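These protein sequence lines are chains H and L, in that order.
Under numbering that gives the first Met the number 0, the first residue of the first sequence is numbered 0, with each subsequent residue one higher.
Under numbering that gives the first Met the number 0, the first residue of the second sequence is numbered 0, with each subsequent residue one higher.
Here a beta-carbon is modelled for each residue, glycine too, at the ideal position from N, C-alpha and C.
These numbers were taken from a predicted model, which means no experiment stands behind them.
See structure below.
2 protein chains.
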Amino acid sequence: MFHVTIRKYQGGKYGRNMEGCIMPEITIKDIAKQCGVGISTVSRAINNHPDINPETKNMIMDVIKATGFVPNNSARNLKRIDAKSIAVLVKGITNPLFSDMIKVIEEETQKKKYSLVLKHVEYYEDEVDVALELVKEKRLRGIIFLGGYFLHSQEKIENLRVPYIFSTIGTAVPENISRVLYSSIAVDDRKESYAMTAHLIGLGHRNIAILSAESEINSIGQLRLEGYKDALSEAGIAFNERLVRQVEDDIEHYSMENGYITAKKLVESGEKFTAVFATADILAVGACRALLEAGMRIPEDVSVAGYDGIDVGKYYNPAITTVRQPVKDMAKTTIKLLFDIIAGRKSYEHIVFPAELIVRESTGTAKG
Amino acid sequence: MFHVTIRKYQGGKYGRNMEGCIMPEITIKDIAKQCGVGISTVSRAINNHPDINPETKNMIMDVIKATGFVPNNSARNLKRIDAKSIAVLVKGITNPLFSDMIKVIEEETQKKKYSLVLKHVEYYEDEVDVALELVKEKRLRGIIFLGGYFLHSQEKIENLRVPYIFSTIGTAVPENISRVLYSSIAVDDRKESYAMTAHLIGLGHRNIAILSAESEINSIGQLRLEGYKDALSEAGIAFNERLVRQVEDDIEHYSMENGYITAKKLVESGEKFTAVFATADILAVGACRALLEAGMRIPEDVSVAGYDGIDVGKYYNPAITTVRQPVKDMAKTTIKLLFDIIAGRKSYEHIVFPAELIVRESTGTAKG
DNA sequence: TTGTAAGCGTTATCAT
DNA sequence: ATGATAACGCTTACAA
Numbered sequence: 000m001f002h003v004t005i006r007k008y009q010g011g012k013y014g015r016n017m018e019g020c021i022m023p024e025i026t027i028k029d030i031a032k033q034c035g036v037g038i039s040t041v042s043r044a045i046n047n048h049p050d051i052n053p054e055t056k057n058m059i060m061d062v063i064k065a066t067g068f069v070p071n072n073s074a075r076n077l078k079r080i081d082a083k084s085i086a087v088l089v090k091g092i093t094n095p096l097f098s099d100m101i102k103v104i105e106e107e108t109q110k111k112k113y114s115l116v117l118k119h120v121e122y123y124e125d126e127v128d129v130a131l132e133l134v135k136e137k138r139l140r141g142i143i144f145l146g147g148y149f150l151h152s153q154e155k156i157e158n159l160r161v162p163y164i165f166s167t168i169g170t171a172v173p174e175n176i177s178r179v180l181y182s183s184i185a186v187d188d189r190k191e192s193y194a195m196t197a198h199l200i201g202l203g204h205r206n207i208a209i210l211s212a213e214s215e216i217n218s219i220g221q222l223r224l225e226g227y228k229d230a231l232s233e234a235g236i237a238f239n240e241r242l243v244r245q246v247e248d249d250i251e252h253y254s255m256e257n258g259y260i261t262a263k264k265l266v267e268s269g270e271k272f273t274a275v276f277a278t279a280d281i282l283a284v285g286a287c288r289a290l291l292e293a294g295m296r297i298p299e300d301v302s303v304a305g306y307d308g309i310d311v312g313k314y315y316n317p318a319i320t321t322v323r324q325p326v327k328d329m330a331k332t333t334i335k336l337l338f339d340i341i342a343g344r345k346s347y348e349h350i351v352f353p354a355e356l357i358v359r360e361s362t363g364t365a366k367g
Numbered sequence: 000m001f002h003v004t005i006r007k008y009q010g011g012k013y014g015r016n017m018e019g020c021i022m023p024e025i026t027i028k029d030i031a032k033q034c035g036v037g038i039s040t041v042s043r044a045i046n047n048h049p050d051i052n053p054e055t056k057n058m059i060m061d062v063i064k065a066t067g068f069v070p071n072n073s074a075r076n077l078k079r080i081d082a083k084s085i086a087v088l089v090k091g092i093t094n095p096l097f098s099d100m101i102k103v104i105e106e107e108t109q110k111k112k113y114s115l116v117l118k119h120v121e122y123y124e125d126e127v128d129v130a131l132e133l134v135k136e137k138r139l140r141g142i143i144f145l146g147g148y149f150l151h152s153q154e155k156i157e158n159l160r161v162p163y164i165f166s167t168i169g170t171a172v173p174e175n176i177s178r179v180l181y182s183s184i185a186v187d188d189r190k191e192s193y194a195m196t197a198h199l200i201g202l203g204h205r206n207i208a209i210l211s212a213e214s215e216i217n218s219i220g221q222l223r224l225e226g227y228k229d230a231l232s233e234a235g236i237a238f239n240e241r242l243v244r245q246v247e248d249d250i251e252h253y254s255m256e257n258g259y260i261t262a263k264k265l266v267e268s269g270e271k272f273t274a275v276f277a278t279a280d281i282l283a284v285g286a287c288r289a290l291l292e293a294g295m296r297i298p299e300d301v302s303v304a305g306y307d308g309i310d311v312g313k314y315y316n317p318a319i320t321t322v323r324q325p326v327k328d329m330a331k332t333t334i335k336l337l338f339d340i341i342a343g344r345k346s347y348e349h350i351v352f353p354a355e356l357i358v359r360e361s362t363g364t365a366k367g
């Protein structure tokens with residue numbers, strides 16, 4: 000590590016003087032004074048109001064540019080009754096599916112001349128609390144929740160007096176809240192997980208290990224585990240508890256590293272299996288590596304299946320069989336629904352999208 | 000797509016009544032009235048000020064909980080002179096390196112009892128404009144820029160009167176701005192790229208293709224290309240323009256898909272090569288897939304090297320040789336430096352971190 | 001077309 | 001310990 004330059008802070012440069020006191024920011028008032036006009040005229044210039052003399056406006060804009068004045072958004076939001084904006088609250092920014100959804104939502108929001116507030120919510124934060132604050136602060140017209148568990152009290156969520164939609168990619172839809180209070184866009188995790196497991200069974204697999212990431216009831220992880228059990232029992236295969244492997248709790252649940260560690264432990268446990276169903280592609284990648292390192296060939300010795308349909312599964316070697324969630328369609332529907340509700344064309348809606356089973360190179364007929 | 004439930008919006012539920020008019024939000028005034036106290040007392044209760052009767056406070060807090068009152072942040076920010084908060088402006092949220100950096104920055108910020116504003120900047124947005132707004136709105140004490148190009152005017156950036164740091168992971172440090180105005184934390188892209196290329200040359204490779212993602216001068220992509228040229232000329236290998244492959248411009252530059260397409264085109268071009276240096280791991284993954292599909296073995300027939308040190312390279316099959324950027328250390332140094340500047344212990348600093356060449360399975364001696 | 005003034009919902013400064 | 005009241009920086013009637 001090379002320190003190229005160091006110099007002591009001299010003060011005055013950073014909006015605080017030598018004593019650490021805050022220097023006054025430049026305001027609309029200063030601009031008005033400097034232009035010799037009233038503040039409302041400046042305001043009109045900024046917000047390009049129709050009734051203002053173009054010359055006056057130009058003059059003001061020049062001064063604004065020269066001084067580098069930027070209006071204070073807090074003051075604006077405070078005063079403005081209507082901001083034409085919506086927010087996306089993202090819990091777990093790591094999820095690669097979210098990026099795609101956000102991109103779509105951004106585009107559609109812009110088309111509607113709305114502005115989008117994107118807010119990242121920490122794992123330990125309560126997303127409804129954050130939403131509550133944001134609604135007041137930014138005068139939001141609607142909210143989309145991406146990620147999180149949603150076991151919130153109906154009482155609390157009722158305070159959120161704008162339309163909100165839960166997008167169930169990595170989000171368990173609240174079971175404890177009246178369904179007329181909210182909207183949701185989801186994939187039937189249990190059903191799709193069932194489909195994948197059934198596919199594996201159809202390939203002749205009997206000992207299918209499953210890598211599961213959550214134990215909370217109604218969580219995505221549990222739902223996918225249920226689907227796995229459904230397929231097993233339908234095929235008359237006894238459920239073997241030892242083939243259910245929970246990922247490590249002390250590192251990021253949905254990560255390649257966790258898939259690797261968990262699969263490695265599975266191998267070392269000595270339990271017999273001919274297929275591994277990782278309930279997320281990102282886990283599948285790590286799992287593949289662990290299996291490969293253990294000297295197993297995929298899919299000749301062991302089949303590996305994922306879930307989600309993220310890019311990496313397609314480019315991995317071998318390409319990983321997966322359940323693709325139609326994220327773009329879901330995002331489009333989500334944003335359309337939100338604007339429908341805002342416009343009063345609908346009240347709420349619960350939509351379930353079908354996922355797509357994509358068979359790639361990582362799954363094959365059971366050995367022996 | 001199954002529509003489970005549809006009902007017409009009845010109004011009244013969402014902070015707007017039937018006519019679409021906004022319903023008044025509950026304010027501190029309402030709480031004061033309902034509690035039979037003055038508003039300043041409520042304010043004291045909310046901000047747990049010392050001089051308030053515990054009983055009064057409890058009573059007020061009960062009412063607040065019951066009514067679901069949430070203070071308006073815009074009003075708070077407007078009035079508050081000092082917020083003890085800093086911001087991270089992220090351009091290109093897709094970069095997996097950023098997540099790690101942000102995590103570290105978040106932790107350290109919390110330790111200092113500061114709050115962190117995380118702001119996602121669109122590709123087409125000017126990050127300095129966004130920063131300027133945010134500084135006023137949130138009374139920020141400092142800013143960290145992650146991603147972006149930074150060819151900003153000194154004039155404009157001088158208006159940013161809080162300390163700011165450019166973290167050069169996916170960011171080209173501004174060359175056109177006086178170095179005393181800002182701080183930077185970086186890896187020497189040219190040098191590290193040189194090192195990787197030299198490693199490949201040491202393995203006997205002479206025809207090394209390079210996958211490059213940007214053509215802007217001083218961009219990360221260009222710097223890495225320069226390093227490649229440096230190594231070539233040092234080894235007395237003639238530079239072959241046809242081995243330099245720019246990624247597709249109309250899709251996301253740094254993506255597996257783009258690595259795949261670009262490598263595929265390289266193969267189809269018929270140009271001879273025994274190694275591919277992808278200037279980002281994410282490109283390397285796509286490139287590997289394309290090479291594999293073309294029937295080449297890695298590293299027996301062709302070596303592949305990446306850059307960045309992201310997780311996927313470690314778990315890919317084969318594991319990808321890379322230049323690891325010490326993101327966590329860099330993040331730690333970044334946040335420490337920012338707080339040093341805020342506290343007046345330093346003025347500015349330019350720090351260059353060494354990267355680490357990690358040789359994995361994807362590179363080997365040149366064929367033939 | 002322009003200026004004046006009344007808020008927006010807080011916090012901070014006074015008195016009390 | 002508590003309550004008025006004046007800002008904070010802006011938008012928006014309303015008046016000119």
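Practice prompt. Quickly, what does DSSP pair leucine 210 (chain H) with across the bridge? List them, please.
Written response: DSSP output for leucine 210 (chain H) lists H:Arg244, H:Ala277 as bridge partner(s).
Item to complete: Indicate whether at least one CB of chain H lies closer than 9 Å to the CB of leucine 117 (chain L).
Response: Chain H contact via Cβ: present.
Worksheet item: According to DSSP, is leucine 115 (chain H) helix, strand or coil?
Response: Correct three-state label for leucine 115 (chain H): strand.
Worksheet item: Less than 9 Å separating the beta-carbons of tyrosine 253 (chain H) and asparagine 94 (chain H)?
Response: In terms of Cβ geometry, tyrosine 253 (chain H) and asparagine 94 (chain H) form a close pair [threshold 9 Å].
Practice prompt. Anything in chain L within Cβ reach of arginine 288 (chain H), meaning under 9 Å, just list it in chain order.
Written response: The answer, in chain order, is Lys313, Tyr314, Tyr315, Asn316, Ala318.
Discussion item. Give me the chain H residues within the contact set of asparagine 158 (chain L), using Cβ-Cβ distance strictly less than 8 Å, ordered along the chain.
Written reply: Residues of chain H passing the Cβ test: Gly67, Val69.
Discussion item. For tyrosine 428 (chain L), count the other beta carbons within 10 Å of its own beta carbon; 16 or more makes it buried, fewer makes it exposed. Which is it?
Written reply: One cannot answer for residue 428 (chain L) here, as it falls past the ends of chain L, which runs 0 to 367.
Discussion item. Please report the distance separating the alpha-carbon of isoleucine 350 (chain H) from that of isoleucine 168 (chain H).
Written reply: Cα to Cα, isoleucine 350 (chain H) sits roughly 13 Å from isoleucine 168 (chain H).
Worksheet item: Does the distance from the C-beta atom of valine 36 (chain H) to that of threonine 55 (chain H) stay below 9 Å?
Response: Yes.
Discussion item. Below 8 Å on the Cβ atoms is my contact criterion, and I expect lysine 155 (chain L) with valine 127 (chain L) to pass it. Report the Cβ-Cβ distance as a whole number of Å.
Written reply: Rounded, the Cβ-Cβ distance is 6 Å, consistent with contact.
Worksheet entry | Cβ-based neighbour list, glutamate 256 (chain H), same chain, cut-off 8 Å, excluding 5 preceding and 5 following | In its chain, beyond the 5 residues on either side, Ile250, Gly285 have a beta carbon closer than 8 Å to the beta carbon of glutamate 256 (chain H).
Practice prompt. Tell me, please, which residues DSSP counts as bridged to lysine 90 (chain L).
Written response: L:Val120.
Discussion item. Which of the three DSSP states is assigned to isoleucine 200 (chain L) in this structure?
Written reply: If DSSP states are grouped into helix, strand and coil, isoleucine 200 (chain L) belongs with the helices.
Discussion item. Using 8 Å for Cβ pairs, my map puts serine 192 (chain H) next to glycine 226 (chain H). What's the rounded Cβ distance?
Written reply: In this structure serine 192 (chain H) touches glycine 226 (chain H) by the C-beta definition: roughly 3 Å separates them, less than 8 Å.
Worksheet item: Should the stretch 98-106 of chain L be regarded as contacting the stretch 36-55 of chain L, the criterion being three or more beta carbon pairs within less than 8 Å?
Response: Flag = no, the stretch 98-106 of chain L and the stretch 36-55 of chain L do not touch.
Fill in: Rounded separation between asparagine 158 (chain H) and glycine 141 (chain H) - CA only
Pairing asparagine 158 (chain H) with glycine 141 (chain H), the inter-Cα distance amounts to about 13 Å.
Item to complete: Determine the closest residue to alanine 234 (chain L) out of L:Val179, L:Glu215, L:Ala293, L:Gly201, with distance taken between C-alpha atoms.
Response: Looking at the Cα atoms, L:Gly201 is the closest of the given residues.
Fill in: Test: asparagine 239 (chain H) CB closer than 9 Å to a CB of chain L
The Cβ of asparagine 239 (chain H) sits no closer than 9 Å to any Cβ of chain L.
Fill in: Span separating the alpha-carbon of proline 298 (chain H) from that of serine 218 (chain L)
Going by the C-alpha atoms only, they are around 42 Å apart.
Worksheet entry | Segments assigned beta strand (DSSP E), at least 3 residues, entirely inside the stretch 21-90 of chain H | Runs found: 84-90.
Item to complete: With a 10 Å radius around its C-beta and 16 neighbouring C-beta atoms as the bar for buried, classify threonine 371 (chain H) as buried or exposed.
Response: Outside the shown range of chain H (0 to 367) lies residue 371 (chain H), about which nothing can therefore be said.
Worksheet entry | N- and C-terminal bounds of the alpha helix (DSSP H) containing isoleucine 260 (chain L) | Looking at the DSSP string, the run of the alpha helix (DSSP H) that includes isoleucine 260 (chain L) is 255-268.
Item to complete: Would you check if the stretch 23-32 of chain H and the stretch 105-120 of chain L touch, i.e. whether three or more CB-CB distances between them fall below 8 Å?
Response: Too few Cβ pairs lie closer than 8 Å, so no.
Item to complete: Can you tell me which of L:Lys366, L:Thr332, L:Asp280 puts its alpha carbon nearest to the alpha carbon of glutamate 106 (chain L)?
Response: Closest option to glutamate 106 (chain L), Cα to Cα, is L:Thr332.
Worksheet item: How about tyrosine 306 (chain L) and valine 322 (chain L): are their beta carbons less than 9 Å apart?
Response: Pairing tyrosine 306 (chain L) with valine 322 (chain L) gives a Cβ-Cβ distance under 9 Å.
Item to complete: Using a cut-off of 8 Å between C-beta atoms, extract the partners of aspartate 307 (chain L) located in chain H.
Response: Simply none; closest approach about 15 Å.
Worksheet item: Applying the criterion that 16 or more other CB atoms from any shown protein chain within 10 Å of the CB defines a buried residue, is leucine 43 (chain L) buried or exposed?
Response: Before going further, note that residue 43 (chain L) is arginine rather than leucine in the sequence given. Buried, since its Cβ has 16 or more Cβ neighbours within 10 Å.
Practice prompt. Locate the alpha helix (DSSP H) running through glutamate 355 (chain L), then write down its first and last residues.
Written response: Per DSSP, glutamate 355 (chain L) belongs to no alpha helix (DSSP H); it is in the beta strand (DSSP E), 355-357.
Worksheet item: Rounded to the nearest angstrom, how far is the Cβ of alanine 289 (chain H) from that of lysine 263 (chain H), given a contact under 8 Å?
Response: Sure, about 4 Å apart at Cβ, within 8 Å.
Discussion item. Out of H:Lys112, H:Asp187, H:Ala274, H:Pro162, which one is the CA nearest neighbour of methionine 295 (chain H)?
Written reply: Shortest Cα-Cα distance from methionine 295 (chain H) to any of H:Lys112, H:Asp187, H:Ala274, H:Pro162 involves H:Ala274.
Worksheet entry | Under 8 Å from the C-beta of serine 310 (chain L): neighbouring residues of chain H | It should be noted that the sequence gives aspartate, not serine, for residue 310 (chain L). Within chain H, the residues placing a beta-carbon under 8 Å from that of aspartate 310 (chain L) are Ser254, Met255, Glu256, ordered along the chain.
Discussion item. What does the alpha-carbon distance come out to for the pair valine 311 (chain H) and aspartate 280 (chain H)?
Written reply: Their Cα atoms are separated by approximately 8 Å.
Worksheet entry | Minimum C-alpha distance to valine 358 (chain H) - residue among H:Ala318, H:Val186, H:Tyr113, H:Glu267 | Cα-wise, what sits closest to valine 358 (chain H) is H:Ala318.
Worksheet item: Do you know how far the Cα of glutamine 324 (chain L) is from the Cα of alanine 82 (chain H)?
Response: Going from the Cα of alanine 82 (chain H) to the Cα of glutamine 324 (chain L) covers about 42 Å.
Worksheet item: Using a Cβ cut-off of 7 Å, which residues of the stretch 80-103 of chain L contact any Cβ in chain H, in chain order?
Response: Taking 7 Å as the upper bound on Cβ-Cβ separation, chain H lies near residues Ile80, Asp81, Ile92, Thr93, Ser98 of the stretch 80-103 of chain L.
Discussion item. For serine 302 (chain H), which residues in the same chain have their Cβ closer than 8 Å to its Cβ, ignoring the five residues on either side in sequence?
Written reply: Here the set comprises Leu199, Leu202, His204, Thr273, Ala274, Val275, Thr320, Ser361, Thr362, Gly363, Ala365.
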